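Asker: Be aware that the sequence shown starts at 306, since it is given in the numbering used here, and climbs by one per residue.
Okay, here's the structure, questions in a sec.
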Amino acid sequence: MSDCLFCAIVAGDIPANIVLQTDTVLAFHDVQPQAPTHILVIPKQHFADLAAVAAADPTLAADLMLAAAEVAHTVQLDQAGYRLVVNTGVDGGQSVYHCHVHVLGGRGLQWPPG
Ligand code: DGP
Numbered sequence: 306m307s308d309c310l311f312c313a314i315v316a317g318d319i320p321a322n323i324v325l326q327t328d329t330v331l332a333f334h335d336v337q338p339q340a341p342t343h344i345l346v347i348p349k350q351h352f353a354d355l356a357a358v359a360a361a362d363p364t365l366a367a368d369l370m371l372a373a374a375e376v377a378h379t380v381q382l383d384q385a386g387y388r389l390v391v392n393t394g395v396d397g398g399q400s401v402y403h404c405h406v407h408v409l410g411g412r413g414l415q416w417p418p419g
């Protein structure tokens, strides 16, 4: 999709620190980390949010969750634990309207979040 930041990352037009790539998903470090480790997992195909992914392609939604778990293992978050966050819409704090799963960890995370 034109004018989509994350589509530009998928296309290689904007650089990213990539952690994992499959046929369907891409994972890369967030440029504004909110935790010692903060990685974004996105579908390569453009969807505005996770609900749109799940409605159109439930297998792709599962791919995102599997990739998030694989990423957590790769960066060694899986032993201590980590948090997955999917901000959706304005009140959810979504700023980039290309579906993404935040993988956060590397310290004890406050719950409920501030
Ligand atoms: P959200 O607020 O849930 O839509 O999260 C969007 C995230 O995207 C936010 O944590 C910052 C991150 N981000 C914004 N621009 C870039 C970029 O150009 N590169 C990378 N790697 N991350 C970005």
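A virtual CB, placed ideally from N, CA and C, is assigned to each residue, including glycine.
Please read these numbers as outputs of a predicted model, since none were measured by experiment.
Note down the Cα distance separating Ala-360 from Ala-367, rounded to an integer number of angstroms.
Answerer: 12 angstroms
Asker: Mind checking whether Arg-388 and Gly-413 have CB atoms under 8 angstroms apart?
Answerer: no
Asker: The ligand DGP and Ile-319: does the residue's C-beta get closer than 7 angstroms to at least one heavy atom of that ligand?
Answerer: Remark: the C-beta of Ile-319 is in contact range of the ligand DGP, defined as less than 7 angstroms to any heavy atom.
Asker: If we ignore side chains and look at the alpha-carbon of each, how far apart do His-403 and Cys-312 end up?
Answerer: 8 angstroms
Asker: Since Leu-382 and Val-406 are thought to touch, with beta carbons under 8 angstroms apart, how far apart are those beta carbons, to the nearest angstrom?
Answerer: About 13 angstroms separates the two Cβ atoms, so there is no contact after all.
Asker: Report the option in Val-358, Glu-375, Gln-415 whose CA atom is closest to the CA atom of Gln-324.
Answerer: What sits at residue 324 in the sequence shown is Val, not Gln. Of the candidates Val-358, Glu-375, Gln-415, the one whose C-alpha sits nearest the C-alpha of Val-324 is Glu-375.
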